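A quick write-up on the structure given underneath.
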Amino acid sequence: MSGARRILANTAYRLLADVGSKLASIAFYVVMARELGAKSFGVFTFGLAFVILTTTLGNFGQDSVLTREVARDRTLLDRYFFNTLALKTVISAVSLALALLIAEIVGVSSETRTVLLLLGPAVVLEILMKTCFAAFQAYERLEFIPIALVTQRTVTAIAGIAALLAGAGVVAVSAIYLAGAALGFALSLRLLLRRVVRPAFRIETGRWWPLMRAAAAIGTASVFAVVLFRADMTMLAAFKPAAVVGHYGAAYRLLEATLFVSWSVGSAVYPVFSRLSPTSEPAVGFVFERSLKLVVALTLPLAAGALVLADPVVRLVYGNEYATAANALRLLAPTIALYPVAYVAASLLVSQHRQRAMMIVYGLVALENILANFVLIPWLSLDGAALGTSLSQLLVTVALIVVAQQAAGGIQWARVAGGPILATLAATVGMVLLRDEFAAAVAAGAVLYLAVLFAFERLRFPDDARAVLDLLPRRA
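As structure tokens, this is what we get:
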């Protein structure tokens with residue numbers, strides 16, 4: 005299989021994993037929001053955001069180092085795999101214990117404490133699961149990710165929905181989430197050991213510090229990124245009632261439902277970026293430019309749809325109780341299109357050992373986001389949190405693209421964004437004209453987008469489709 009076809013296949017596998025898992029998660033969260041009500045849904049949303057934020061050090065860039073180095077030399081998996089699992093477990097457990105102690109001291113409710121005690125280990129297991137995915141990625145065997153991830157999320161959703169419909173509360177739902185995370189990690193580890201490679205079982209604490217040092221800039225950037233994306237939820241909970249957090253969580257879940265595009269494309273191209281350079285054949289900039297084109301084409305119409313059709317989308321998914329989440333979704337819409345560009349740019353920077361620039365960008369913008377939320381949330385409530393997220397994402401995207409262009413040797417923006425922008429404008433006009441008929445607006449937007457995009461690319465860049473298929477030389 006050629007390198008290009010492997011990239012496309014791996015993108016498809018990751019898309020399958022993310023779409024399948026997102027559909028299951030959306031169904032789970034929608035039923036949870038409806039059955040628990042805004043207050044209890046807010047407790048779950050806060051709990052999940054809190055434990056993700058506090059266990060960030062456990063996912064400190066080690067997986068990115070593993071994928072980058074093993075993609076270049078597969079014999080290094082013996083050195084990295086089990087040491088990464090052990091290191092992440094220790095750091096996550098300590099971080100989680102300290103966070104739970106703080107929660108106890110500040111006096112959160114007993115129900116919230118129980119939710120944290122259940123969701124904390126679940127998030128740690130998901131962090132460990134990502135190390136298995138990093139190994140799949142390094143070997144370019146992403147077909148096993150949907151098996152593990154979709155199974156985990158589907159089983160969790162089915163069990164959770166059944167429990168909710170039977171009258172279960174937020175604590176029971178959190179316990180089901182924990183069981184699903186345990187299943188996902190066990191399955192992903194089994195698939196790696198049985199179907200891909202069996203790394204030597206080596207846990208050498210002497211390698212932990214060099215591993216942390218190698219991952220330091222990536223990990224620090226990841227910490228800042230998690231702060232950037234989770235601080236708004238935590239700060240909103242500090243300023244506003246749980247019901248408001250629940251409404252914002254409803255809008256934010258719809259944003260998160262689109263992030264699979266970034267992860268799918270990024271997972272497929274990151275090991276390729278790692279093997280290439282600005283002077284290689286093909287150059288890393290060639291792959292980077294077409295990766296950007298793909299994510300822009302896939303997400304720009306979604307952002308337009310969220311902007312124009314926020315009200316019917318929120319009412320359809322969550323019901324009239326969550327109507328106030330619609331404006332927050334509109335304000336989050338720019339992030340739908342900006343995040344994928346930043347994600348692919350960050351993948352390029354890490355692959356080319358320019359992670360320090362990424363760390364600085366995320367650090368400065370995370371600080372800006374926290375300071376902005378101190379103003380925006382008391383002033384505009386959940387709309388302020390949404391506005392702060394999109395403004396911060398704009399700053400991150402612009403800064404990372406500036407640095408990535410230097411690493412890649414320039415970008416032809418007309419090639420990357422010309423077709424998607426023109427097609428999105430046409431689709432937006434169609435959706436606005438038919439916005440009172442949701443199904444017709446969606447159908448018209450999709451048809452107009454695809455028609456204009458196809459016509460533009462065929463007339464302006466007819467060689468791009470053939471170039472993608474010949475992206476890399478053939479290999480075994």
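Okay, so the sequence shown: first residue is 5 according to my numbering, each after it adds one.
Just so you know, even glycine gets a beta-carbon here, dropped at the ideal spot from N, CA and C.
The structure presented is a predicted model; accordingly, all values stated were derived computationally and were not measured.
According to DSSP, simplified to helix, strand and coil, what is residue i?
{"i": "E130", "result": "helix"}
{"i": "Q356", "result": "coil"}
{"i": "S281", "result": "coil"}
{"i": "R479", "result": "Any reading at R479 must be qualified, since the residue scores a pLDDT of 39, below 50, and its modelled position is unreliable; the value itself is stated next. In this structure, R479 counts as coil in the three-state DSSP scheme."}
{"i": "A28", "result": "helix"}
{"i": "D440", "result": "coil"}
{"i": "T328", "result": "coil"}
{"i": "A101", "result": "helix"}
{"i": "P382", "result": "helix"}
{"i": "G171", "result": "coil"}
{"i": "E147", "result": "coil"}
{"i": "D467", "result": "coil"}
{"i": "V117", "result": "Here residue 117 turns out to be Arg, not Val, going by the sequence shown. Correct three-state label for R117: helix."}
{"i": "T59", "result": "coil"}
{"i": "R206", "result": "coil"}
{"i": "L336", "result": "helix"}
{"i": "T15", "result": "helix"}
{"i": "L342", "result": "helix"}
Taking all protein chains shown into account, do 16 or more other C-beta atoms lie within 10 angstroms of the C-beta of residue i, making it buried, or fewer, making it exposed?
{"i": "R194", "result": "exposed"}
{"i": "G250", "result": "buried"}
{"i": "Q356", "result": "buried"}
{"i": "Q66", "result": "buried"}
{"i": "R18", "result": "buried"}
{"i": "R479", "result": "Because R479 carries a pLDDT of 39, less than 50, the predicted location of this residue cannot be relied on, and no value is offered for it."}
{"i": "N14", "result": "buried"}
{"i": "P382", "result": "exposed"}
{"i": "R199", "result": "exposed"}
{"i": "L454", "result": "exposed"}
{"i": "F378", "result": "exposed"}
{"i": "A332", "result": "buried"}
{"i": "D387", "result": "buried"}
Within the continuous alpha helix (DSSP H) that includes residue i, where are the two ends?
{"i": "F189", "result": "V174 to L195"}
{"i": "Y256", "result": "A246 to E260"}
{"i": "D481", "result": "Residue 481 cannot be examined here, being either before or after the span of the chain that is shown, 5 to 480."}
{"i": "D315", "result": "A314 to Y322"}
{"i": "S113", "result": "Neither: S113 is in no alpha helix (DSSP H) and is coded neither H nor E."}
{"i": "R223", "result": "The question names Arg, but residue 223 is Gly in the sequence shown. That run of the alpha helix (DSSP H) goes W212 to F243."}
{"i": "V200", "result": "Note, V200: premise wrong, no alpha helix (DSSP H); not H, not E."}
{"i": "P286", "result": "Taken as a continuous stretch (DSSP letters only), P286 belongs to no alpha helix (DSSP H), as it is neither H nor E."}
{"i": "P424", "result": "W417 to L437"}
{"i": "S396", "result": "L386 to A412"}
Anyone know if the C-beta pair for residue i and residue j falls short of 8 Å?
{"i": "F45", "j": "A53", "result": "no"}
{"i": "V348", "j": "G270", "result": "yes"}
{"i": "T71", "j": "A161", "result": "no"}
{"i": "A337", "j": "D315", "result": "no"}
{"i": "V354", "j": "I222", "result": "yes"}
{"i": "A254", "j": "Y326", "result": "yes"}
{"i": "L61", "j": "I95", "result": "yes"}
{"i": "L104", "j": "L121", "result": "yes"}
{"i": "R83", "j": "R294", "result": "no"}
{"i": "M362", "j": "A370", "result": "no"}
{"i": "A445", "j": "L313", "result": "yes"}
{"i": "A31", "j": "I151", "result": "no"}
{"i": "A272", "j": "L146", "result": "yes"}
Check the C-beta distance from residue i over to residue j and give it rounded, since I have them as a contact under 8 Å.
{"i": "L482", "j": "F460", "result": "Since the first and last residues shown for the chain are 5 and 480, residue 482 lies out of range."}
{"i": "L196", "j": "A139", "result": "6 Å"}
{"i": "F50", "j": "M239", "result": "At roughly 11 Å, the Cβ-Cβ gap does not stay under 8 Å, so F50 and M239 are not in contact."}
{"i": "A235", "j": "I374", "result": "6 Å"}
{"i": "A3", "j": "I207", "result": "There is no way to answer for residue 3, as the model of the chain reaches only from 5 to 480."}
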